[in-house]
Amino acid sequence: MGTVIDSHFLALTAIVTVAYQFMFFVITALLKIDKVTDFAGSTNFVILAILTLIVKGSWHFRQITLSLLVAVWGLRLGLFLLMRILQWGEDRRFDEMRSNLGKLAAFWIFQAVWVWSVSLPVTIVNASDNDPDLDPRDVIGWIMWIVGIGIEATADQQKLTFKNSQENRGKWCNVGLWKYTRHPNYFGEIFLWWGIFVASTPVLEGAEWLVVLGPVFLTLLLLFVSGIPLLEESADKKYGNVSAYRTYKQETSPLVPLPPQVYKKLPKWFQTTFLFEFPLYNRNLPQAELGW
1 MGTVIDSHFL ALTAIVTVAY QFMFFVITAL LKIDKVTDFA GSTNFVILAI LTLIVKGSWH
61 FRQITLSLLV AVWGLRLGLF LLMRILQWGE DRRFDEMRSN LGKLAAFWIF QAVWVWSVSL
121 PVTIVNASDN DPDLDPRDVI GWIMWIVGIG IEATADQQKL TFKNSQENRG KWCNVGLWKY
181 TRHPNYFGEI FLWWGIFVAS TPVLEGAEWL VVLGPVFLTL LLLFVSGIPL LEESADKKYG
241 NVSAYRTYKQ ETSPLVPLPP QVYKKLPKWF QTTFLFEFPL YNRNLPQAEL GW
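Going by full-length UniProt numbering, the residue at position 113 of the sequence shown is 113; the numbering climbs one at a time, nothing skipped.
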């Protein structure tokens with residue numbers, strides 16, 4: 001088999017992604033529900049990985065491995081988020097979108113861009129005729145994926161257990177991995193996708209290296225747009241007047257896991273430059289108190 005529309009499957013994956021996301025957009029717009037949004041995003045990754053693997057039909061070991069890694073991540077995350085939203089009810093991110101078709105459409109367009117761009121490494125690997133021998137980059141990438149998904153899955157389960165406990169009502173999660181970073185799930189997700197990229201590099205040639213835009217886009221998205229900023233703002237509004245919470249923010253890394261005893265002793269410039277502690281995450285708290 002091989003070429004479908006274009007040799008790198010870029011058009012194929014774009015068309016499939018737009019069609020899949022449009023289908024779920026219609027469902028959410030007509031029924032005014034938001035229980036399938038995260039499921040639609042996560043499973044789209046699985047569809048692209050398996051589709052490009054089958055369409056190419058070369059079945060190289062690297063292609064099969066990366067496709068399976070993406071499929072496992074997507075199915076795990078998609079099912080977890082679906083069960084969580086069914087248990088918790090509506091997603092408050094969509095409070096302003098349910099009755100605003102324009103904002104809802106913008107969200108689904110953005111989600112389609114996210115899926116297509118972050119999938120680029122596995123898309124290009126599956127489309128490639130290049131199949132060099134396995135080298136250390138493959139193993140490093142696989143290990144990064146294992147570490148990343150382990151952190152993400154553990155953090156998700158720890159927070160779900162914490163939130164489901166009656167005695168933790170009205171509290172922020174600061175147990176398990178959440179003691180070492182305020183967003184361990186995002187760290188895990190970023191780390192595993194950089195692992196996918198690293199494992200794809202033995203195949204890449206010339207302009208194909210632009211697939212690095214996938215993990216870069218994901219990292220910037222979670223750091224500055226729909227990830228950490230939104231959750232930090234929400235938590236600050238809920239707990240910003242609690243001194244213990246403000247202490248937690250001061251002593252806990254926003255993304256990269258570190259012992260609080262180590263993190264709090266680091267200078268602010270180091271926290272900002274290397275550990276992503278941007279003032280953006282504290283704009284709803286007294287800046288002087290946080291040392292900005």
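Positions of the beta carbon are idealized from the N, C-alpha and C atoms, including for glycine.
{"Asked": "To the nearest angstrom, how far is the alpha carbon of R283 from that of I15?", "Found": "39 Å"}
{"Asked": "Determine, using beta carbons only, whether S119 comes closer than 8 Å to chain B.", "Found": "Protein chains in the displayed structure number just one, and chain B is not present."}
{"Asked": "What residue range does the alpha helix (DSSP H) around L230 cover?", "Found": "I228 to Y239"}
{"Asked": "How about L120 and I151: are their beta carbons less than 8 Å apart?", "Found": "no"}
{"Asked": "Could you compute how far the alpha carbon of T219 sits from the alpha carbon of V113?", "Found": "14 Å"}
{"Asked": "Given a threshold of 16 other Cβ atoms within 10 Å of its Cβ, counted over all protein chains shown, does residue 302 qualify as buried or as exposed?", "Found": "With the chain running from 1 to 292 in the structure shown, residue 302 is simply not present."}
{"Asked": "Only counting the same chain, and skipping five residues up and downstream in sequence, which positions put a Cβ closer than 6 Å to that of F9?", "Found": "T52, T123 and A127"}
{"Asked": "Could you check where the alpha helix (DSSP H) with K268 kicks off and where it finishes?", "Found": "K268 to L275"}
{"Asked": "Could you tell me which residues DSSP pairs with T181 in its beta bridges?", "Found": "S253"}
{"Asked": "Tell me the rounded alpha-carbon separation between G78 and P260.", "Found": "31 Å"}
{"Asked": "Just to confirm my understanding: we take I140, look at its own chain, exclude 5 residues before and 5 after, and list those with CB closer than 8 Å. What are they?", "Found": "G195, V198 and A199"}
{"Asked": "Measure the CB-CB distance between F45 and G74 and report whether it falls below 8 Å.", "Found": "yes"}
{"Asked": "Spatial neighbours of T201 within its chain, please: CB distance less than 7 Å, with the 5 preceding and 5 following residues excluded, ordered by chain position.", "Found": "R137"}
{"Asked": "Closest to A49 by C-alpha separation, out of T37, D38 and R62, would be which residue?", "Found": "R62"}
{"Asked": "With a cut-off of 8 Å, do at least 3 Cβ pairs link the segment 266 to 273 to the segment 186 to 195?", "Found": "no"}
{"Asked": "Who are the Cβ neighbours of P257 in its own chain at under 6 Å, not counting the five residues just before and after it?", "Found": "Y180 and T181"}
{"Asked": "Rounded to the nearest angstrom, how far is the Cβ of A105 from that of F25, given a contact under 8 Å?", "Found": "7 Å"}
{"Asked": "Report buried or exposed for G148, applying the criterion of at least 16 other Cβ atoms within 10 angstroms of its Cβ.", "Found": "buried"}
{"Asked": "If we count the other Cβ atoms within 10 Å of its Cβ and call it buried at 16 or more, is Q166 buried or exposed?", "Found": "exposed"}
{"Asked": "Give a yes or no on whether the C-beta atoms belonging to F110 and L81 are separated by under 8 Å.", "Found": "no"}
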